[in-house]
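FYI, in my numbering the residues of the sequence shown are 30 to 282. A short write-up of the structure that comes next.
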Amino acid sequence: MTLDTLWTVLPLLALIFMASGTVKGLSGFGMPFIAVPGATILLNVPISQAIAWVLVSGVATNSVQLIQTRREWRVLREIWPLVATVLVGMTLSVQLLSVLDSRITTLILGAVMVISVGAQLWRGWVILPERRTLAMVTGGAVAGLFGGLTSFYGFPSLQVLVATGLRKDTFIFAASFLLFSGTIVLAAGLGSQGLMTPLDALISAILLVPALIGMALGQRLRRALSPEKFTRVVLFVLLATGLSLVIRSLILA
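Take a look at the structure:
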């Protein structure tokens, strides 16, 4: 994409990022999971380029949510095994982003998400306290592996957070910290491999505006949700994300 063609597609990109920001504000996550498939499918750009466009919005929106829910910082004592394994896994697997064809990996990840999250919606499950560390390490390792290859490291890491029974604001803080940290790893990986150009950085900065507008709208909607409804919203967003990953991998095949 050039600077000239940018202005022709900017309105569509703004709508995509406003929609992804709304989902982010409503559920506490979901921005790259909406924006990346939207950009790759509707604009036919490489996945690595779409990931680059989300970086500024990802860092900024997660920073805002971390500040808003900063009183929940003590949850880091509980979730550090999850965060650590996700980041280590991503640091290793992101080095393969420019080498491997991620379509098959994306298809597998999306299919597993649909089955797993669908089962949890059908019959909810809870991780017992004595099994949380094992669940976090295992879930974090899987999320980190897929995260570096597909840019999506929210599964099963976010599903693990849901199953631990965190309160709404505590979940928002935990998810935002995890996603903020992962975005930094992705940015470093893309930069080290030359997959993010100065134009991509400019586009990423411009799209922060519609993303923030959408997030503000989503947060207003979230305040009206009970804890039970919020949990179901989170799971439905994960389910929709899994479906979008399957569709993206099939369309781009």
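Even for Gly, the Cβ is constructed at its ideal location relative to N, Cα and C.
- [ ] Can you say whether GLN124 is buried or exposed, counting buried as having 16 or more other CB atoms within 10 angstroms of its CB?
- [x] Within the sequence shown, numbered from 1, the residue matching residue 124 stands at position 95. GLN124 should be labelled exposed.
Task: Proximity to ILE242 [Cα-Cα], best of ALA81, ILE133, VAL52 - done: Locating residue 242 in the sequence shown gives position 213, counting from the first residue. Measuring from the Cα of ILE242, the nearest candidate turns out to be VAL52.
- [ ] Give the DSSP-derived three-state secondary structure of PHE259 in the structure shown.
- [x] Taking the first residue of the sequence shown as position 1, residue 259 is located at position 230. Three-state result, PHE259: helix.
TODO: Using three-state DSSP, classify VAL222 as helix, strand or coil.
DONE: Locating residue 222 in the sequence shown gives position 193, where the first residue counts as 1. Checking the sequence shown, residue 222 turns out to be Gln, not Val. GLN222: coil per DSSP, three-state reduction.
Open item on the list: Taking only three categories from DSSP, how would you classify ALA253?
Closed with: In the sequence shown, the residue the question calls residue 253 occupies position 224. If DSSP states are grouped into helix, strand and coil, ALA253 belongs with coil.
Task: Beta carbon proximity, PHE175 to chain B, threshold 9 Å - done: Checking the listed chains, one finds no chain B in this structure; it contains a single protein chain.
- [ ] For PHE46, I'd like the list of residues in its chain whose CB is within less than 6 Å of its CB, leaving aside the five on either flank, ordered along the chain.
- [x] Your numbering for residue 46 matches position 17 in the sequence shown. Excluding residues within five positions, the ones whose Cβ falls inside 6 Å are ALA64, LEU236, PRO239, ALA240.
Open item on the list: Can you give me the C-alpha to C-alpha distance between LEU219 and ALA81, rounded to a whole angstrom?
Closed with: Your numbering for residue 219 matches position 190 in the sequence shown. Your numbering for residue 81 matches position 52 in the sequence shown. About 7 Å.
- [ ] Could you tell me how far apart the beta carbons of GLY168 and SER145 are, in whole angstroms, since I believe they sit closer than 8 Å?
- [x] Position 139 of the sequence shown holds residue 168. Position 116 of the sequence shown holds residue 145. Not really, about 11 Å apart at Cβ, beyond 8 Å.
Open item on the list: Could you tell me the alpha carbon to alpha carbon distance between ILE137 and VAL275, rounded to whole angstroms?
Closed with: What you label residue 137 is simply residue 108 of the sequence shown in a count that begins at 1. What you label residue 275 is simply residue 246 of the sequence shown in a count that begins at 1. ILE137 and VAL275: Cα-Cα distance of roughly 8 Å.
- [ ] Look up ARG103 in the DSSP assignment and say whether it is helix, strand or coil.
- [x] As a first step, residue 103 is located in the sequence shown; it is residue number 74 there, counting from the start. In this structure, ARG103 counts as helix in the three-state DSSP scheme.
Open item on the list: Tell me which residues share the same chain as VAL38 and place their Cβ nearer than 7 Å to its Cβ, disregarding the 5 neighbours each side in the sequence.
Closed with: Translated into the one-based positions of the sequence shown, residue 38 becomes position 9. For VAL38, where only same-chain residues beyond five positions count, the Cβ hits under 7 Å are LEU72.
- [ ] Give the C-beta separation of THR134 and PHE175 to the nearest angstrom, bearing in mind that I take them to be a contact with Cβ-Cβ under 8 Å.
- [x] On the sequence shown, position 105 is the one that residue 134 refers to. On the sequence shown, position 146 is the one that residue 175 refers to. Yes, THR134 and PHE175 are in contact; Cβ-Cβ is about 7 Å, under 8 Å.
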